[in-house]
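Colleague:
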Amino acid sequence: MRTRIAALVVLMAAAAAGAAAQDSVDAARELYAAAAYEDALAVLNRLHPADRPAIEARSIEQYRAFCLLALGRGPEAERAIAAVVTGEPLYQPRQSEVSPRVLSMFTDVRRRMLPGIVQQRYSDAKAAYDRKEFAAASAGFKEVLMMLADPDLAGAVNQPPLVDIKTLAAGFQDLASNAAAPPPPPVVVAAPPPLPPVPARADPNRIYGVADSNVVPPVVVRQELPPYPTVVTAAMQGAMDIVIDETGSVMATSMRTPVNPLYDSHALAAARNWRYRPAMLNGAPVKYRKTIQIAITANR
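Under the numbering used here, read the sequence shown as residues 48 to 347, first letter to last.
#1: Can you confirm whether the stretch 178-196 touches the stretch 143-159 when touching is taken to mean that 3 or more C-beta pairs between the two stretches lie within less than 8 Å?
#2: Let me check one thing: in DSSP terms, what residues is R269 bridge-paired to?
#3: In the structure shown, what three-state DSSP assignment does L242 receive?
#4: In chain order, which continuous runs of the beta strand (DSSP E) of length 3 or greater are located wholly inside the stretch 202-230?
#5: Which of the three DSSP states is assigned to D197 in this structure?
#6: From which residue to which residue does the alpha helix (DSSP H) around Q284 run?
#7: Is it true that the stretch 318-337 meets the stretch 156-173, where meeting means three or more beta-carbon pairs spaced less than 8 Å apart?
#8: What is the C-beta distance between P140 and V149, in whole angstroms, given that I count them as a contact (C-beta under 8 Å)?
#9: Assuming the contact rule is C-beta atoms closer than 8 Å, T300 and I289 should be a hit. Round their C-beta distance to whole Å, please.
#10: Assuming A14 and S185 form a contact by the criterion Cβ under 8 Å, report the distance between their Cβ atoms to the nearest whole angstrom.
#11: Please report the distance separating the alpha-carbon of G65 from that of D221.
#12: The beta strand (DSSP E) that contains T280, what's its start and end?
#13: Tell me which residue opens and which closes the beta strand (DSSP E) that S301 is part of.
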């Protein structure tokens with residue numbers, strides 16, 4: 048009897064693991080590619096964007112819109128696209144990724160929603176500025192200016208209220224950036240020579256970074272980003288965080304600022320093969336977190 052119960056528990060665990068594997072964005076993407084729109088939509092409906100990372104949440108709503116459009120459920124598709132635009136106003140799919148119909152609907156929804164989002168994001172940035180949270184305010188005003196430069200706002204950006212917001216955001220962004228800059232160093236008063244410092248010992252469990260001035264950063268041996276796989280019509284930027292271990296290998300990767308899902312996966316995969324001379328603390332190798340800036344220029 049005990050043997051049968053144990054076997055049953057194993058079978059139930061395997062079934063649960065199989066079901067979890069089926070409920071993923073990748074599974075939904077494969078079903079969508081196979082034109083199994085109802086099945087793909089069922090998988091997506093079991094995924095909850097609020098519980099997922101930002102990139103995955105956007106992919107869930109994006110593929111939900113694709114499936115709904117393929118099934119002729121236009122109003123629901125618009126709501127899914129609106130969720131994508133609300134979460135990430137600067138994102139829009141590439142022509143190589145979606146059909147002209149989907150691209151047209153994305154454009155229509157963005158043109159309708161962006162003016163309101165710009166006004167809300169400006170209000171949020173101004174509130175941060177008033178609270179003297181200058182770094183957050185600077186980032187907020189910068190995002191507002193990037194949205195105002197979006198081609199989908201070309202018809203509205205030179206008219207009220209956006210034309211006024213553009214002028215105000217530019218001014219406040221300069222003020223916030225200057226206020227967020229570190230103050231000048233204080234005047235140093237002569238003092239007796241300090242005792243020789245005790246050399247810090249490397250902590251094997253700690254991940255050091257740029258803030259640790261006593262650590263010699265890692266030196267690049269091999270670090271090449273993959274080329275963008277499609278035609279680039281507008282410049283894109285992003286950033287990736289990597290953790291380099293004591294041997295100089297990359298032990299962890301993550302996107303700090305995503306470019307888009309297509310390129311992000313290629314960049315993360317390439318980063319796992321990068322090599323460095325490890326960071327050093329008093330002659331001992333240590334783990335180190337490094338941020339890689341990504342800049343993709345237009346090629347036409």
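Cβ atoms here follow ideal geometry from the backbone N, Cα and C, with glycine treated the same way.
Modeller: Let me lay it out:
#1: Counting Cβ pairs under 8 Å, fewer than three are found: no touch.
#2: On the sequence shown, residue 269 is found 222 positions in, with the first residue counted as 1. For R269, which the question treats as bridged, DSSP gives the partners R322.
#3: Residue numbering aside, residue 242 sits at position 195 when the sequence shown is read from its first letter. In the three-state DSSP reduction, L242 falls in the coil class, being neither helix nor strand.
#4: If we require 3 residues or more, the stretch 202-230 turns out to have no beta strand (DSSP E) run fully inside it.
#5: Against the sequence shown, residue 197 aligns to sequence position 150. Here D197 sits in coil by DSSP.
#6: Locating residue 284 in the sequence shown gives position 237, where the first residue counts as 1. Boundaries around Q284 are those of the beta strand (DSSP E), M283 to I291, since no alpha helix (DSSP H) includes it.
#7: Judged by pairs of C-beta atoms under 8 Å, the stretch 318-337 does not touch the stretch 156-173, as fewer than three such pairs exist.
#8: As a working mapping, residue 140 is identified with position 93 in the sequence shown. As a working mapping, residue 149 is identified with position 102 in the sequence shown. P140 to V149, Cβ: 7 Å. Contact.
#9: In the sequence shown, the residue the question calls residue 300 occupies position 253. In the sequence shown, the residue the question calls residue 289 occupies position 242. That belief holds up - the Cβ atoms of T300 and I289 are roughly 5 Å apart, short of 8 Å.
#10: Since the displayed the chain opens at 48 and closes at 347, residue 14 lies outside it and no answer follows.
#11: For this step, residue 65 is matched to residue 18 along the sequence shown. For this step, residue 221 is matched to residue 174 along the sequence shown. Here G65 scores only 41 on pLDDT, less than 50, and its place in the model should not be relied on; the value that follows carries that caveat. Using only the alpha carbons, I get a separation of about 53 Å.
#12: Position 233 of the sequence shown, counting from 1, holds the residue named residue 280. Run containing T280: none; DSSP gives neither H nor E here.
#13: By one-based count along the sequence shown, residue 301 stands at place 254. V297 to T304 is the span of the beta strand (DSSP E), which, as asked, contains S301.
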